[in-house]
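These notes concern the structure reproduced below.
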Amino acid sequence: ERWGTNDAEQAIFQWNARRVLTLWGEGPEIDDYARKEWSGLIAGYYLPRWQRLFDELAACLRDDRPFDENAFQADLRKWMAAWSDGRETYPTQPRGDSVAVARRLWEKYGDAFRPDAVSITTGKPVICSHAISPHPAHLANDGWSTSTDAYWASDVNQNPVAWWQVDLQTPTTVGRVVVVCYYGDARYYGFTVEASLDGETWQLVADRRDNREPSTADGYTCRFPPRPVRYLRVTQTQNSANTGRHLVEVMAFPE
Numbered sequence: 147e148r149w150g151t152n153d154a155e156q157a158i159f160q161w162n163a164r165r166v167l168t169l170w171g172e173g174p175e176i177d178d179y180a181r182k183e184w185s186g187l188i189a190g191y192y193l194p195r196w197q198r199l200f201d202e203l204a205a206c207l208r209d210d211r212p213f214d215e216n217a218f219q220a221d222l223r224k225w226m227a228a229w230s231d232g233r234e235t236y237p238t239q240p241r242g243d244s245v246a247v248a249r250r251l252w253e254k255y256g257d258a259f260r261p262d263a264v265s266i267t268t269g270k271p272v273i274c275s276h277a278i279s280p281h282p283a284h285l286a287n288d289g290w291s292t293s294t295d296a297y298w299a300s301d302v303n304q305n306p307v308a309w310w311q312v313d314l315q316t317p318t319t320v321g322r323v324v325v326v327c328y329y330g331d332a333r334y335y336g337f338t339v340e341a342s343l344d345g346e347t348w349q350l351v352a353d354r355r356d357n358r359e360p361s362t363a364d365g366y367t368c369r370f371p372p373r374p375v376r377y378l379r380v381t382q383t384q385n386s387a388n389t390g391r392h393l394v395e396v397m398a399f400p401e
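Heads up, the sequence shown is in my numbering, so the first residue is 147 and it goes up one at a time.
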């Protein structure tokens with residue numbers, strides 16, 4: 147379908163439409179500001195653009211030279227501008243089966259979206275002494291421990307005692323608790339782990355208040371004689387990095 151009443155109008159209409167979808171003008175400040183799934187963008191624009199990056203990285207590895215990001219971006223921008231100035235056409239009707247494609251992608255990559263730290267605590271009700279938004283208590287037993295993007299957090303400047311508690315909902319045999327605190331630098335945390343059957347009377351099952359071992363993605367493993375437990379409470383007593391208290395994940399196992 148033709149835009150405009152003559153070639154000049156058609157050219158400017160197409161130029162405007164393509165620029166809105168891609169460069170938004172000549173400056174680099176808002177590239178890709180309006181990402182849209184219009185026909186032709188993936189096959190004609192995004193896929194070739196990614197391919198240029200991969201090809202350049204492969205060439206750098208092959209030639210044993212550093213990747214020059216500034217030079218690459220300058221060259222890429224010329225290609226992006228040329229595409230935005232183009233006037234080729236793309237299909238106006240959908241092709242293929244998007245549901246079938248989505249299913250194939252899920253079959254291949256679905257495991258990446260499944261929790262990596264499932265345990266007795268996963269998804270169980272939790273409470274805490276205090277939480278800083280956006281770090282609520284349930285992020286410490288959501289089944290994920292390999293990312294520090296989601297964790298429970300408090301701060302002793304806002305609440306001097308920092309504890310996190312999970313309700314296993316029924317007496318359950320527990321003999322090992324893994325406490326994953328925030329990690330990624332040389333920091334370490336001190337903490338205690340307590341167990342209870344009624345939420346009133348508590349037993350200290352792990353005392354790591356004097357801990358000096360750096361926090362890691364593997365967490366701190368606390369072993370004790372297996373016993374029936376309904377409630378577990380972790381109290382963080384120190385953080386060598388700052389006044390924050392952080393739990394990425396708290397896991398519990400029978401032994």
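Don't be surprised by glycine CBs; every beta carbon is placed ideally from N, CA and C. Every value quoted in this text rests on a predicted model; they were computed, and no experiment measured them.
Rounded separation between residue i and residue j - CA only
| i | j | result |
| --- | --- | --- |
| Asp178 | Arg373 | 56 Å |
| Thr318 | Leu207 | 54 Å |
| Val307 | Leu199 | 50 Å |
| Leu169 | Met226 | 8 Å |
| Asp257 | Leu251 | 11 Å |
| Ala295 | Trp149 | For the record, residue 295 in the displayed sequence is Asp; it is not Ala. Distance between the alpha carbons of Asp295 and Trp149 is about 47 Å. |
| Gly242 | Phe399 | 47 Å |
| Thr347 | Val312 | 15 Å |
| Phe409 | Ala204 | Only positions 147 to 401 of the chain appear in this structure, which leaves residue 409 out of reach. |
| Asp262 | Thr268 | 11 Å |
Chain-order list of residues whose beta-carbon lies under 8 Å from that of residue i (same chain, five-residue window excluded)
| i | result |
| --- | --- |
| Trp309 | Cys274, Ser275, Arg379, Val380, Thr381 and Gln382 |
| Phe213 | Glu202, Leu203 and Cys206 |
| Gln315 | Lys270, Pro271 and Arg376 |
Cβ shell of residue i (< 6 Å), same chain only, five flanking positions each side left out
| i | result |
| --- | --- |
| Arg233 | Gln160 |
| Val326 | Ser291, Gly365, Val394 and Glu395 |
| Phe264 | Looking at the sequence provided, one finds Val at residue 264 rather than Phe. Hits under 6 Å: Gly289. |
| Val324 | Gly365, Thr367 and Met397 |
| Arg358 | Tyr334 |
Three-state class that DSSP yields for residue i in the structure shown
| i | result |
| --- | --- |
| Leu285 | helix |
| Leu393 | strand |
| Ala163 | helix |
| Gly321 | strand |
| Tyr192 | helix |
| Leu199 | helix |
| Ser386 | coil |
| Leu314 | strand |
| Asp356 | coil |
| Phe213 | coil |
Closest Cα partner of residue i within the set the options
| i | options | result |
| --- | --- | --- |
| Asn216 | Glu202, Asp209 and Trp229 | Glu202 |
| Val320 | Asp243, Asp301 and Leu343 | Leu343 |
| Tyr329 | Trp298, Arg355 and Trp196 | Trp298 |
| Val302 | Gly390, Ala154 and Pro212 | Gly390 |
| Glu340 | Val351, Thr316 and Thr347 | Val351 |
| Gln304 | Glu346, Ser279, Asp210 and Thr362 | Ser279 |
Neighbourhood of residue i by C-beta distance below 7 Å, restricted to the same chain and skipping five residues each side
| i | result |
| --- | --- |
| Tyr236 | Ser185, Gly186 and Gly190 |
With three or more beta-carbon pairs closer than 8 Å as the criterion, would you say the stretch 335 to 343 touches the stretch 381 to 401? yes
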